[in-house]
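Structure, as structure tokens:
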Amino acid sequence: MDTRKAVVTYNRDTDTLYITLPPCKGGFADSSDGKYFFAFYDSHDSETPSAFEVHWFSEVWDDDDLIPEVNVRFDVEDTDLRGVTLRELLAWAHQRFVEARMKAEV
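With positions in the sequence shown counted from 1, the corresponding number in the working numbering is that position plus 10.
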């Protein structure tokens with residue numbers, strides 16, 4: 011299983027999480043639901059995504075029906091997270107961005 015560097019950003023205004031795996035060209039998008047969770051591939055024959063985009067992240071971050079199975083692990087840039095699965099990355103992002111925002115708003 012490959013391990014890729016992941017750059018994770020969150021747009022709080024649109025509640026959208028972006029995960030980019032450099033170098034990302036993102037030429038082809040795929041989504042099992044067509045609404046919330048998108049995987050981007052550099053080409054039609056790529057097996058490993060080069061980016062992810064999760065809309066309404068705070069609501070769907072742990073929805074097993076939406077999260078794709080990918081054969082890659084992630085080293086998250088500017089963190090100590092190394093070799094994490096997509097689900098682990100999403101859990102970390104939820105805690106880091108969503109839960110932290112909710113605590114700050116109280």
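Beta carbons: idealized from backbone N, C-alpha and C, even for Gly.
Opening and closing residue of the alpha helix (DSSP H) in which residue i lies
{"i": "residue 70", "result": "67 to 70"}
Where residue i falls, given that 16 or more other Cβ within 10 Å makes a residue buried
{"i": "residue 32", "result": "exposed"}
{"i": "residue 61", "result": "buried"}
{"i": "residue 103", "result": "buried"}
{"i": "residue 49", "result": "buried"}
Alpha carbon of residue i to alpha carbon of residue j, nearest angstrom
{"i": "residue 54", "j": "residue 108", "result": "33 Å"}
{"i": "residue 78", "j": "residue 42", "result": "8 Å"}
{"i": "residue 92", "j": "residue 17", "result": "12 Å"}
{"i": "residue 76", "j": "residue 28", "result": "15 Å"}
{"i": "residue 69", "j": "residue 11", "result": "29 Å"}
{"i": "residue 96", "j": "residue 59", "result": "11 Å"}
{"i": "residue 71", "j": "residue 51", "result": "20 Å"}
Range covered by the beta strand (DSSP E) that runs through residue i
{"i": "residue 57", "result": "That residue, residue 57, is in no beta strand (DSSP E); it is neither H nor E in DSSP."}
Residues bridged to residue i (per DSSP)
{"i": "residue 114", "result": "Residue 114 is not bridged to any residue."}
Item to complete: Run through the region 72 to 110 for me and flag every whole beta strand (DSSP E) of 3 or more residues, listed as ranges in chain order.
Response: Runs found: 82 to 86.
Fill in: Within the region 14 to 47, ranges of the beta strand (DSSP E) (whole runs, at least 3 residues)
Taking only runs of at least 3 residues, the beta strand (DSSP E) segments lying wholly in the region 14 to 47 are 26 to 30, 38 to 40.
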